[in-house]
Amino acid sequence: MKGRIDHIGLWTWGGRVYNWQRYLDHMRASGMDTVVLWHGRVPADAREMKAYAAAQGIRVLWGFNWSWNSPVCLDSAEDARHWTDTVLGILRDEYAPLDPDGICFQVGGTEFGGKCRRDCPVCAKAARDGVGPLFLKFAGAIIAAVRREFPDLYLSAGVHLGGVHRSFEALRSLDASVNIMWEDLPGPQRHIESPFAYDWDDPDAALTPQTVEMVEAMCALRGPQEDVAFVVKGFPCRWGGDDPMLLEEFDLEALAAVYQSTWDKANVYCETHLPEALTVFRAIANAPARRKTVVLLVEHGLWELRREYAAVLVAEALRDPFREPDEIIAATRDRMSKAPA
Ligand SMILES: [Zn+2]
Numbered sequence: 000m001k002g003r004i005d006h007i008g009l010w011t012w013g014g015r016v017y018n019w020q021r022y023l024d025h026m027r028a029s030g031m032d033t034v035v036l037w038h039g040r041v042p043a044d045a046r047e048m049k050a051y052a053a054a055q056g057i058r059v060l061w062g063f064n065w066s067w068n069s070p071v072c073l074d075s076a077e078d079a080r081h082w083t084d085t086v087l088g089i090l091r092d093e094y095a096p097l098d099p100d101g102i103c104f105q106v107g108g109t110e111f112g113g114k115c116r117r118d119c120p121v122c123a124k125a126a127r128d129g130v131g132p133l134f135l136k137f138a139g140a141i142i143a144a145v146r147r148e149f150p151d152l153y154l155s156a157g158v159h160l161g162g163v164h165r166s167f168e169a170l171r172s173l174d175a176s177v178n179i180m181w182e183d184l185p186g187p188q189r190h191i192e193s194p195f196a197y198d199w200d201d202p203d204a205a206l207t208p209q210t211v212e213m214v215e216a217m218c219a220l221r222g223p224q225e226d227v228a229f230v231v232k233g234f235p236c237r238w239g240g241d242d243p244m245l246l247e248e249f250d251l252e253a254l255a256a257v258y259q260s261t262w263d264k265a266n267v268y269c270e271t272h273l274p275e276a277l278t279v280f281r282a283i284a285n286a287p288a289r290r291k292t293v294v295l296l297v298e299h300g301l302w303e304l305r306r307e308y309a310a311v312l313v314a315e316a317l318r319d320p321f322r323e324p325d326e327i328i329a330a331t332r333d334r335m336s337k338a339p340a
């Protein structure tokens, strides 16, 4: 809807959610309605998680690998067939029985440029010119097969702009029913994550007019039917791993103490850069896209232990980005002063 962002939530490694009830409680108390949980295998308690999330008004998008970080050739019909069979098998056996709210995926090549580029001329050229057309060919083949078997399944295609930004407009031809979840917006000088960067206080990570123009183009890529999502960074991020790691409450507290200094930096950083973030969020809210989603990358952030100011602040900014920073900061402090019900 024009003038607002439809869905706000978190992206995380499902295996690093230690207490999903409290995790979801904290999401609801922060005005969030969407969670992306990435797993190696569907978790044993997925059905309970989904039911609990639904009771909180939160949709769960289950993420799993469609060749991300694999030595795949995006130009290879054989690789596309192999991954199509793999994906269909996982959907049939693990996710379809859950009646999922949606599935998120990533394919190889958009984040790391594709290992194949070293000895494959097609992938080498794509690494230079942009992976967009090859992404469309490879992911498009898998999506088409999934669509035939699961016509109503909501799909979200995760795309890292590191490999795609020179050819991102190729994704205009992607099946318009598929959400595109963009990560890592590039600036003119270097690879940045906008509006917030992994590398806090990097002076080169400033927001540029080109980045805002690109956000606007992404929001209108497939015309008014565009279903677009962005992954906002700038929070404590750690590779979480796919497999569950179960800890006692005592260990959680100890781990949180280790992470606290990182959150402390994020809390200052996000408030300092709030005006820049609002510029991007207003561009997204104003876009005429059919559906707009923004999720915060809080991977292994111990969100179930406590809600951290930086993430609550950004979620509050997304809820209505047309307010002034002072008003958003006050609303965030008010929200944090109330214990989750
Ligand atoms: Zn190749």
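The opening position of the sequence shown corresponds to residue 0 in numbering that gives the first Met the number 0, with each subsequent residue numbered one higher.
Ideal Cβ positions, reconstructed from N, Cα and C, are used throughout, including at glycine.
Pull up the CB-CB distance for residue i and residue j, whole angstroms please, since I reckon it's below 8 angstroms.
i: Phe104; j: Ala156; result: 6 angstroms
i: Ala175; j: Pro132; result: The pair is not a contact, with the Cβ atoms about 18 angstroms apart (cut-off 8 angstroms).
i: Ala288; j: Glu215; result: Contact doesn't hold; Cβ gap of about 10 angstroms is too wide.
i: Phe137; j: Val86; result: Between Val86 and Phe137 the Cβ distance is about 12 angstroms, and since that is not below 8 angstroms, they are no contact.
i: Ile4; j: Leu317; result: 5 angstroms
i: Leu90; j: Gly62; result: Not quite, the Cβ-Cβ distance comes to about 13 angstroms (not below 8 angstroms), so this is no contact.
i: Gly300; j: Phe249; result: That belief does not hold up - the Cβ atoms of Gly300 and Phe249 are roughly 19 angstroms apart, past 8 angstroms.
i: Thr278; j: Val211; result: 6 angstroms
i: Ala314; j: Val297; result: Not a contact, Cβ separation roughly 10 angstroms.
i: Ser166; j: Val130; result: 7 angstroms
i: Gly101; j: Phe134; result: Actually they are not in contact, since the Cβ atoms of Gly101 and Phe134 sit about 19 angstroms apart, beyond 8 angstroms.
i: Asp32; j: Gly2; result: About 18 angstroms; that fails the 8 angstroms criterion.
i: Ala284; j: Pro320; result: 5 angstroms
i: Gly161; j: Glu110; result: 6 angstroms
i: Val384; j: Glu93; result: For residue 384 there is no data in the structure shown, the boundaries of the chain being 0 and 340.
i: Arg306; j: Ser29; result: 6 angstroms
I need the DSSP call for residue i, collapsed to helix, strand or coil.
i: His299; result: coil
i: Thr292; result: strand
i: Asp272; result: First, the amino acid is wrong: residue 272 is His here, not Asp. Three-state DSSP puts His272 in coil, outside helix and strand.
i: Asn178; result: strand
i: Gln188; result: Note that Gln188 scores 41 on pLDDT, short of 50, meaning its location in the model is unreliable; the coordinates nonetheless yield the value given after this. If DSSP states are grouped into helix, strand and coil, Gln188 belongs with coil.
i: Gln55; result: coil
i: Trp67; result: coil
i: Asp84; result: helix
i: Phe104; result: strand
i: Leu73; result: coil
i: Leu312; result: helix
i: Thr278; result: helix
i: Thr331; result: helix
i: Leu152; result: coil
i: Thr207; result: coil
i: Asp319; result: coil
i: Asp226; result: strand
i: Ile142; result: helix
i: Gly129; result: coil
i: Gly2; result: coil
i: His159; result: strand
i: Leu135; result: helix
i: Gly8; result: strand
i: Gly233; result: coil
i: Gly13; result: helix
i: Pro173; result: Reading the sequence as shown, one finds Leu at residue 173 and not Pro. Note: Leu173 maps to coil in three-state DSSP.
i: Thr109; result: coil
i: Leu254; result: helix
Using 8 angstroms as the limit for Cβ to Cβ distance, is residue i near chain B?
i: Ser166; result: Chain labels in this structure do not include chain B; a single protein chain is all it has.
Return the residue from the list the options that minimises the CA-CA distance to residue i.
i: Gln224; options: Leu206, Ala255 and Ala286; result: Ala286
i: Asp24; options: Ser336, Ala309, Ile327 and Leu304; result: Leu304
i: Glu47; options: Gly39, Val59, His38 and Val297; result: Val59
i: Lys49; options: Arg80, Pro96 and Glu77; result: Pro96
i: Glu247; options: Val16, Ile179, Met213 and Gln209; result: Val16
i: Ile327; options: Ala276, Val297 and Arg306; result: Ala276
i: Ser66; options: Gln55, Ala52, Trp82 and Tyr51; result: Trp82
i: Glu77; options: Cys269, Asp333, Glu148 and Ala140; result: Ala140
i: Glu182; options: His164, His159, Ser172 and Val267; result: His159
i: Ala52; options: Pro99, Gly88, Gly14 and Arg80; result: Pro99
i: Pro177; options: Gly161, Leu154, Gly162 and Met335; result: For the record, residue 177 in the displayed sequence is Val; it is not Pro. Comparing Cα-Cα distances from Val177 to each of Gly161, Leu154, Gly162 and Met335, the minimum goes to Leu154.
i: Cys344; options: Ile179, Leu173 and Gly14; result: Any answer about residue 344 is impossible in this case: the structure gives the chain only from 0 up to 340.
i: His272; options: Met26, Pro324, Arg146 and Ala126; result: Pro324
i: Gly222; options: Asp333, Asp151 and Arg171; result: Arg171
i: Ala43; options: Ala28, Trp19 and Glu148; result: Trp19
i: His164; options: Met213, Ser75, Leu254 and Ala330; result: Met213
i: Arg146; options: Leu173, Ala123 and Arg127; result: Leu173
i: Leu206; options: Phe280, Val227 and Arg334; result: Phe280
Is the beta carbon of residue i within less than 7 angstroms of some heavy atom of ligand 3?
i: Cys119; result: In the structure shown, ligand 3 is absent; the only ligands present are ligand 1.
* **Neighbouring residues (CB closer than 6 angstroms to any heavy atom of ligand 1)** => Cys72, Asp74, Cys115, Cys119, Val121 and Cys122
* To do: Would you check if the region 288 to 304 and the region 1 to 10 touch, i.e. whether three or more CB-CB distances between them fall below 8 angstroms?
  => yes
* **Meets three-Cβ-pair contact criterion under 8 angstroms: the region 113 to 128 and the region 58 to 75** => yes
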